[in-house]
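The structure appears right after this line, and notes come after that.
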């Protein structure tokens with residue numbers, strides 16, 4: 355496993371850890387709401403960028419968009 359420490363904004367603890375390097379064999383599912391897309395689009399983009407930075411292949415990530423927060427529990431169940 356790679357060990358990394360990222361400098362955090364003032365007042366927050368540093369971010370530590372990472373995904374195992376080169377041994378990833380799983381899948382990720384991301385459920386995001388279409389409500390308030392100004393926020394959720396940025397969160398989704400950041401999530402995808404982080405997964406890519408840790409070596410997760412694009413084919414291992416499934417993104418599902420739902421109308422709002424009410425539908426999220428049924429989507430991920």
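Numbering (the numbering used here), first residue to last: 355 to 431.
Backbone N, C-alpha and C fix where the C-beta goes; we use that ideal spot for every residue, glycine too.
- Sixteen is the threshold: since fewer than 16 other Cβ atoms of the shown chains lie within 10 Å of the Cβ of residue 400, the residue is exposed.
- Here the alpha carbons of residue 367 and residue 382 stand approximately 26 Å from one another.
- Taking C-beta atoms as the reference points, residue 422 and residue 387 count as a pair closer than 7 Å.
- When secondary structure is reduced to three states using DSSP, residue 385 falls in the strand class.
- DSSP, read as helix, strand or coil, puts residue 420 in strand.
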